[in-house]
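Chains as they are written, first to last, in the numbering used here: chain A, 1 to 207; chain B, 208 to 414; chain C, 415 to 621.
A virtual CB, placed ideally from N, CA and C, is assigned to each residue, including glycine.
These numbers come from a predicted model, not from an experiment.
To start, the structure under review is shown below, and the notes come after it.
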Amino acid sequence: MRWFLPKDEGFLAIFDEATGNIVAAVELFCQLLRDGAGRASAVDKLKELEHQGDRYTHQALAKLHTSFITPFDREDIHALVTKLDDILDAVDATAHRLLLYRVEQVPAKLVELADLLLASVREVQKAVLYLHDPKKHQEAMATCVEINRLENEADQLHRQALAELFLKARDAVEVIKLKDLYAFLEDATDRCEDVANIVETIMIKAS
Amino acid sequence: MRWFLPKDEGFLAIFDEATGNIVAAVELFCQLLRDGAGRASAVDKLKELEHQGDRYTHQALAKLHTSFITPFDREDIHALVTKLDDILDAVDATAHRLLLYRVEQVPAKLVELADLLLASVREVQKAVLYLHDPKKHQEAMATCVEINRLENEADQLHRQALAELFLKARDAVEVIKLKDLYAFLEDATDRCEDVANIVETIMIKAS
Amino acid sequence: MRWFLPKDEGFLAIFDEATGNIVAAVELFCQLLRDGAGRASAVDKLKELEHQGDRYTHQALAKLHTSFITPFDREDIHALVTKLDDILDAVDATAHRLLLYRVEQVPAKLVELADLLLASVREVQKAVLYLHDPKKHQEAMATCVEINRLENEADQLHRQALAELFLKARDAVEVIKLKDLYAFLEDATDRCEDVANIVETIMIKAS
Chain A
1 MRWFLPKDEG FLAIFDEATG NIVAAVELFC QLLRDGAGRA SAVDKLKELE HQGDRYTHQA
61 LAKLHTSFIT PFDREDIHAL VTKLDDILDA VDATAHRLLL YRVEQVPAKL VELADLLLAS
121 VREVQKAVLY LHDPKKHQEA MATCVEINRL ENEADQLHRQ ALAELFLKAR DAVEVIKLKD
181 LYAFLEDATD RCEDVANIVE TIMIKAS
Chain B
208 MRWFLPKDEG FLAIFDEATG NIVAAVELFC QLLRDGAGRA SAVDKLKELE HQGDRYTHQA
268 LAKLHTSFIT PFDREDIHAL VTKLDDILDA VDATAHRLLL YRVEQVPAKL VELADLLLAS
328 VREVQKAVLY LHDPKKHQEA MATCVEINRL ENEADQLHRQ ALAELFLKAR DAVEVIKLKD
388 LYAFLEDATD RCEDVANIVE TIMIKAS
Chain C
415 MRWFLPKDEG FLAIFDEATG NIVAAVELFC QLLRDGAGRA SAVDKLKELE HQGDRYTHQA
475 LAKLHTSFIT PFDREDIHAL VTKLDDILDA VDATAHRLLL YRVEQVPAKL VELADLLLAS
535 VREVQKAVLY LHDPKKHQEA MATCVEINRL ENEADQLHRQ ALAELFLKAR DAVEVIKLKD
595 LYAFLEDATD RCEDVANIVE TIMIKAS
C-alpha cells in the first residue's frame with residue numbers, strides 16, 4: 001500500500017487511490033464481521049484506512065482550491081470527493097459500533113448487507129475508473145445502473161432485516177444496537193448511489 | 208394519472224407534475240393511516256407514486272445537464288428537484304415502516320402530523336406554481352411564510368408526541384418504533400421548508 | 415444584546431454577530447446542564463437565542479441574493495451561514511429534548527461533551543473573525559486544525575459515553591433518551607468542523 005501520493009498526480013489518480021482504499025476497507029469489514037477473534041485488531045486496521053481516506057480527501061480538496069482549470073466541473077469534483085469520504089466514514093463507524101456494542105452474534109442479514117456493500121463499492125471503483133475515458137460513456141452508465149440496482153436490493157434486505165429484528169430480538173437494547181448498525185450500513189450504500197449519480201452527471205456533461 | 212411526459216415539456220411542467228404527485232402520495236398516506244384494513248395495498252400504491260416521482264427527478268436532472276440555458280440558476284433547479292424527491296422518499300419510508308413495525312394502533316398525534324404534512328405539501332404545490340409568474344412575488348412569499356409556520360407547528364406537535372410517547376408507551380420497543388415514524392414525518396416537513404427556502408431564493412433573484 | 419442589525423452592515427459583521435450569539439447559546443447550554451432548578455427557564459432563553467440566530471441567517475441570505483458582488487464566493491457564504499445555523503439548531507434541540515425526556519441525572523460525559531462543544535464554538539468564532547484579514551492565513555489555519563482536533567476528541571468521548579451507557583443504563587428507555595442527546599451534541603460538533611472546512615476553503619482561495 002502506498003501512503004503518500006507524489007504531488008503532481010491529477011484528480012483522477014487521487015480518485016483511483018481513494019476508491020481502491022475504500023474497496024480494501026470494505027473487504028476488511030466483511031472479514032471482521034465473520035471473524036470474531038480478530039475483530040478488535042481489524043477495527044484498528046480499518047481506522048488506518050479511514051485516516052488514509054481522509055488524506056486523499058484533503059489532497060483532492062487542496063488541489064481543487066489551487067487549480068485554475070479542472071477536468072470536470074468544480075462542484076462535481078467536490079461532491080465526488082465528499083461522498084467517497086462519507087462511504088468510508090460510515091463503514092468505519094459501523095465497525096467501531098460493532099465493538100462498542102459488544103455484538104457477539106452478528107446476524108446473517110448484516111453479513112449479507114455488508115456483502116452487497118462490497119459489490120457496490122467495487123462498481124463505484126469501476127465507475128470512477130471510466131472517468132478517465134469519455135468514450136466509455138455506455139460502460140459507465142451501465143455501472144451506475146448496477147449501483148442503483150444494488151442500492152434497491154440493499155434497501156429490501158434492510159427492511160427484511162428490521163422486520164426479523166423486531167420479531168426475534170431478545171430485548172429492546174438488542175433492537176437499538178442492531179438497528180443502529182443496519183442504519184450505518186444502509187447509509188454507506190446510499191452514498192455509493194450518490195457517487196453513481198455524480199459520475200452520471202459528469203458523463204452527461206462530457207457527452 | 209399520466210405516467211410519461213412528452214419530451215418537450217419545460218422544467219416548470221415537470222415541477223408541477225412532481226408536486227401534484229407528492230400531494231397525491233400524502234393524501235394516500237393520510238388515508239392509509241386511518242384505514243388499517245386497506246393499509247398493505249395502499250402502501251403498494253404509494254410505492255408506485257414514489258417510483259413515478261423518481262422518474263420526474265431523473266427527467267428534470269437529465270434536462271438540467273443537457274440544457275444550455277435554464278429558467279433559473281442551475282443550482283436552484285438541482286436543489287428543488289432533490290428536495291421534492293426527499294419529501295416523497297420520507298413519506299414512502301414512513302408508510303413502509305408502519306407495515307414493517309406492525310403498528311396496529313396509530314396514535315392520534317401521528318395522524319395530526321400527517322395532516323400538517325398534507326397542508327404543507329399543498330402549499331409547496333402552490334409555491335412551485337407561482338414560479339411560472341415572477342409577478343406573483345408577494346403570493347409566493349406568503350406561501351413560503353405559511354410553509355414555515357406549518358413546519359414550526361409540526362415541530363411543536365412532534366415534541367408533544369414524543370413527550371406523550373415516553374409517558375404512555377407500554378414498552379421500549381414501542382418507543383423505538385413510534386419515535387422512528389415521528390422522525391420520518393418530521394423529516395418530510397423539514398424538506399417542505401427547504402423547498403420554501405429555494406422558492407424564496409429564486410423569487411428574490413428574479414425580482 | 416443587540417436584536418437588530420443596522421441595514422448597511424456587511425457579511426462579516428453578520429457572521430460575527432451570529433458566532434457571538436452561538437457562543438452565548440452554548441455557554442447557556444453548559445450552565446443549564448449543571449443547574450437542574452433553573453433549566454426550564456434557561457431552555458426558553460436559549461430558544462430566544464435560536465430565533466435571533468434565525469434572523470442572522472435570514473439577513474445574510476437576503477443580502478447574498480441581492481448583492482451583486484460578495485467578499486467571498488457565493489456558495490461559500492451560503493454554506494457558512496447554513497452550517498452556523500445548524501450548530502445552533504442542534505444545541506436548541508438537545509436542550510429541548512433534555513426537558514422533554516425529563517432527564518434528571520445528567521451524565522458527567524454529557525457535560526464533558528458540552529464543554530468540548532463550547533471550546534469548539536469559541537474556536538469557530540475566532541476562525542470567522544480571521545476572515546476579516548486575509549493576512550491572518552496562518553492563524554486561521556491553526557484555528558481550523560484545533561476545531562478538527564476538538565471534533566476528534568468529541569468523537570472519542572462520544573464512543574466512551576455510549577459504551578458506558580450500554581453498560582450502566584437501568585433500562586432501554588434510558589438508553590434511547592441519552593443516546594439521542596449524545597447524537598444531537600455530536601452533530602453540533604460535526605457542524606463546527608464543517609465551518610472550519612469552509613473557512614479553510616475561503617482562506618485557500620484568497621491566498
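Practice item. Alpha carbon to alpha carbon, how far is S534(C) from K421(C)? Give it in angstroms, no decimals. Key: The residue you call residue 421(C) lines up with position 7 of the third sequence. The residue you call residue 534(C) lines up with position 120 of the third sequence. Because K421(C) sits at a pLDDT of 40, beneath the cut-off of 50, its placement in the model cannot be relied upon, and the following sentence gives the value as read from the coordinates. Cα-Cα distance, rounded: 30 Å.
**Study point:** Cβ-Cβ distance between A456(C) and Q466(C) below 8 Å
**Key:** Taking the first residue of the third sequence as position 1, residue 456(C) is located at position 42. Taking the first residue of the third sequence as position 1, residue 466(C) is located at position 52. Taking 8 Å as the Cβ cut-off, A456(C) and Q466(C) do not qualify as a contacting pair.
Check your understanding: Are there three or more Cβ pairs, one per stretch, closer than 8 Å when the segment 83-97 of chain A is compared with the segment 149-166 of chain A?
Key -> no
Review point. Do you know whose CA, among I176(A), A140(A) and P71(A), lies nearest Y130(A)'s CA?
Key: Locating residue 130(A) in the first sequence gives position 130, where the first residue counts as 1. Here the closest residue by C-alpha is A140(A).
Practice item. With distances taken Cα to Cα, identify the nearest neighbour of A24(A) among G36(A), F15(A), L49(A) and A40(A). Key: For the purposes of this step, residue 24(A) is taken as residue 24 along the first sequence, with counting starting at 1. If we check each option's Cα against that of A24(A), L49(A) comes out closest.
Check your understanding: Quick one: which chain C residues come within Cβ less than 8 Å of I411(B)?
Key -> Reading the second sequence from its first residue, position 204 is the one you call residue 411(B). Result: A476, H479 and T480.
**Study point:** Coil, strand or helix - G36(A) by DSSP
**Key:** Taking the first sequence and counting its residues from 1, the one referred to as residue 36(A) is at position 36. Of the three classes helix, strand and coil, the one that applies to G36(A) here is coil, per DSSP.
Check your understanding: Does the beta carbon of Y515(C) come closer than 8 Å to any beta carbon on chain B?
Key -> By one-based count along the third sequence, residue 515(C) stands at place 101. Y515(C) counts as touching chain B.
Exercise for review: Under 9 Å between beta-carbons, which chain A residues line up against H303(B)? List them in chain order, please.
Suggested key: The sequence position of residue 303(B) within the second sequence is 96, counting from 1. Result: R159.
Point to revise | CB contact flag (D490(C), I612(C), <8 Å) | key: As a position in the third sequence, residue 490(C) is number 76, starting the count at 1. As a position in the third sequence, residue 612(C) is number 198, starting the count at 1. In contact: D490(C) and I612(C) (Cβ atoms closer than 8 Å).
Review point. Given that a residue counts as buried once 16 or more other Cβ atoms are within 10 Å of its Cβ, and exposed if not, what is R246(B)?
Key: Against the second sequence, residue 246(B) aligns to sequence position 39. R246(B) is buried by the Cβ-count criterion.
**Study point:** Neighbouring residues, chain C, relative to A370(B) (Cβ below 7 Å)
**Key:** In the second sequence, the residue the question calls residue 370(B) occupies position 163. L514, listed in chain order.
Exercise for review: Give a yes or no on whether 8 Å exceeds the smallest Cβ distance from A127(A) to chain B.
Suggested key: Position 127 of the first sequence holds residue 127(A). Output row for A127(A): interface = no.
Check your understanding: Closest Cβ-Cβ distance between A172(A) and chain C: below 8 Å?
Key -> For the purposes of this step, residue 172(A) is taken as residue 172 along the first sequence, with counting starting at 1. Cβ-Cβ to chain C under 8 Å: yes for A172(A).
Practice item. Identify which residue in T277(B), S274(B), A334(B) and H365(B) has its Cα closest to the Cα of F391(B). Key: In the second sequence, the residue the question calls residue 391(B) occupies position 184. Of T277(B), S274(B), A334(B) and H365(B), the residue nearest in Cα terms is H365(B).
Exercise for review: State the Cα-Cα distance for the pair A368(B) and K316(B), rounded to the nearest angstrom.
Suggested key: In the second sequence, the residue the question calls residue 368(B) occupies position 161. In the second sequence, the residue the question calls residue 316(B) occupies position 109. In a straight line, the C-alpha of A368(B) is about 6 Å away from that of K316(B).
Exercise for review: Determine contact between the segment 111-118 of chain A and the segment 146-158 of chain A, defined as no fewer than three beta-carbon pairs at a distance below 8 Å.
Suggested key: yes
Point to revise | Residues that I383(B) contacts on chain A, provided the C-beta gap is smaller than 8 Å | key: Here residue 383(B) refers to the residue found at position 176 when the second sequence is read from its first residue. Here the neighbours are A172, V175, I176 and K179.
Review point. Using Cβ-Cβ distances below 7 Å, what residues of the segment 191-203 of chain A are close to chain B?
Key: Taken in chain order, the members of the segment 191-203 of chain A whose beta-carbon sits within less than 7 Å of a beta-carbon on chain B are T201.
Exercise for review: Could you tell me whether the Cβ of F486(C) comes closer than 8 Å to any Cβ of chain A?
Suggested key: The residue labelled residue 486(C) in the question sits at position 72 within the third sequence. No, F486(C) lies away from the interface with chain A (no Cβ there is under 8 Å from its Cβ).
**Study point:** Cutoff 8 Å: F580(C) Cβ touching any chain A Cβ
**Key:** Position 166 of the third sequence, counted from the first residue, corresponds to residue 580(C). Closer than 8 Å: yes.
Check your understanding: Straight-line CA distance for A476(C) to I409(B)?
Key -> Stepping through the third sequence from its first residue, residue 476(C) is reached at position 62. Stepping through the second sequence from its first residue, residue 409(B) is reached at position 202. In this structure, the alpha-carbon of A476(C) lies about 11 Å from that of I409(B).
Exercise for review: Can you give me the Cβ contacts of T484(C) inside the same chain, cut-off strictly under 8 Å, excluding the 5 residues immediately before and after it?
Suggested key: On the third sequence, position 70 is the one that residue 484(C) refers to. So the list reads F425, L478 and I491, once near-sequence residues are dropped.
Check your understanding: Assuming T603(C) contacts A568(C) under a Cβ cut-off of 8 Å, what Cβ separation, rounded to an integer in Å, is found between them?
Key -> One-based indexing of the third sequence puts residue 603(C) at position 189. One-based indexing of the third sequence puts residue 568(C) at position 154. Confirmed, about 4 Å.
Check your understanding: With a CB to CB cut of under 8 Å and the five nearest residues on each side skipped, what residues in its chain are close to L46(A)?
Key -> For the purposes of this step, residue 46(A) is taken as residue 46 along the first sequence, with counting starting at 1. Cβ neighbours of L46(A) beyond the five flanking positions: A25, L28, F29, L32, V91, D92 and A95.
Practice item. Could you check which residue in D468(C), A451(C) and L514(C) has the C-alpha nearest to that of I428(C)? Key: Stepping through the third sequence from its first residue, residue 428(C) is reached at position 14. The option with the nearest alpha carbon to I428(C) is D468(C).
Point to revise | Alpha-carbon spacing of K126(A) relative to S274(B), whole angstroms | key: Mapped onto the first sequence, residue 126(A) falls at position 126. Mapped onto the second sequence, residue 274(B) falls at position 67. Approximately 28 Å, taken between the alpha carbons.
Point to revise | Where V318(B) falls, given that 16 or more other Cβ within 10 Å makes a residue buried | key: One-based indexing of the second sequence puts residue 318(B) at position 111. Exposed, by the Cβ-count rule.
Check your understanding: How big is the Cα-Cα spacing for W210(B) and Q312(B)?
Key -> Along the second sequence, one-based indexing puts residue 210(B) at 3. Along the second sequence, one-based indexing puts residue 312(B) at 105. Any reading at W210(B) is ruled out, since the residue's pLDDT is 42, under 50, leaving its predicted position unreliable.
Point to revise | Span of the alpha helix (DSSP H) around E146(A) | key: What you label residue 146(A) is simply residue 146 of the first sequence in a count that begins at 1. It spans H137 to K168 - the alpha helix (DSSP H) in which E146(A) sits, taken as one unbroken run.
Check your understanding: Which one of H265(B), D251(B), V310(B) and T226(B) has the shortest CA to CA distance from H294(B)?
Key -> Start at 1 with the first residue of the second sequence, and residue 294(B) comes out as number 87. It is worth fixing the name first, because residue 294(B) is Ile in this sequence and not His. Looking only at H265(B), D251(B), V310(B) and T226(B), the smallest Cα-Cα distance to I294(B) is reached by T226(B).
Check your understanding: Cα-Cα, which of C399(B), S414(B) and Y308(B) is closest to D340(B)?
Key -> If you number the second sequence from 1, residue 340(B) lands on position 133. The shortest C-alpha separation from D340(B) is found at S414(B).
Check your understanding: Below 8 Å between beta carbons: does that hold for L388(B) and R309(B)?
Key -> What you label residue 388(B) is simply residue 181 of the second sequence in a count that begins at 1. What you label residue 309(B) is simply residue 102 of the second sequence in a count that begins at 1. No.
Exercise for review: Taking Q266(B) as the reference, give the member of T289(B), F279(B) and A244(B) with the closest Cα.
Suggested key: Residue 266(B) sits at position 59 when you count from the first residue of the second sequence. Cα-wise, what sits closest to Q266(B) is T289(B).
Practice item. Using 10 angstroms around the beta-carbon of V538(C), count the other beta-carbons present and answer buried if the total reaches 16, otherwise exposed. Key: As a first step, residue 538(C) must be located in the third sequence, where it is residue number 124. Buried is the call here.
Check your understanding: If we call anything under 8 Å between Cβ atoms a contact, is I176(A) one with I383(B)?
Key -> As a working mapping, residue 176(A) is identified with position 176 in the first sequence. As a working mapping, residue 383(B) is identified with position 176 in the second sequence. Their beta carbons are under 8 Å apart, which means I176(A) touches I383(B) by this criterion.
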